[in-house]
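Numbering (the numbering used here), first residue to last: 244 to 380.
This report refers to the structure that appears directly beneath it.
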């Protein structure tokens, strides 16, 4: 498989750990092979140097010039509709589901178990019906 997500000016990245974990930032400038200058104008992350180890590159790229000011980054971010695209992505949905599962109480887990058991019972019943019909033919 060919690598398609390159570190470049304008690349949107997801911060996986650290004080801003779970937020999106745009790479504004590459400082060296280990760090980049990032800015998250619409996510509450101030412009700062951040190591690449903390970031996971996304498929989204915004059109900004090298070392652009925050108002230009914000304008490009809103024009590209990064927040809307991110919320529709399967990556964001998986993160949201994981957080929702982590916040479940014991009773919530019990209700999920009972619902799964009921669903499996219905599926098993329908499969048995189909098998009986196939055996008759």
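For every residue, glycine included, the Cβ atom is placed at its ideal position computed from N, Cα and C.
Only a predicted model underlies this, so the values are computations on that prediction, with no experimental measurement involved.
| Query | Result |
| --- | --- |
| Going by DSSP, what residues sit across from residue 280 in a beta bridge? | 272, 292 |
| Anyone know if the C-beta pair for residue 320 and residue 285 falls short of 8 Å? | yes |
| Where does residue 340 land, buried or exposed, given buried means 16+ other C-beta within 10 angstroms? | exposed |
| Per the contact definition of three or more C-beta pairs closer than 8 Å, is the segment 343-357 in contact with the segment 300-316? | no |
| Is the beta carbon of residue 288 closer than 8 Å to that of residue 237? | Since the first residue shown for the chain is 244 and the last is 380, residue 237 is missing from the structure and cannot be characterised. |
| Just the Cα atoms here: how many angstroms apart are residue 317 and residue 355? | 41 Å |
| Where do the N-terminal and C-terminal ends of the alpha helix (DSSP H) with residue 377 fall, by residue? | 349-379 |
| On the criterion of 16 or more Cβ atoms from any shown chain inside 10 Å, does residue 248 qualify as buried, or is it exposed? | exposed |
| In three-state DSSP terms, what is residue 338? | helix |
| Please go through the segment 293-338 and give each complete alpha helix (DSSP H) segment of 4 or more residues, from N-terminal end onward. | 313-323, 325-331 |
| For the beta strand (DSSP E) containing residue 256, name the first residue and the last one. | 254-258 |
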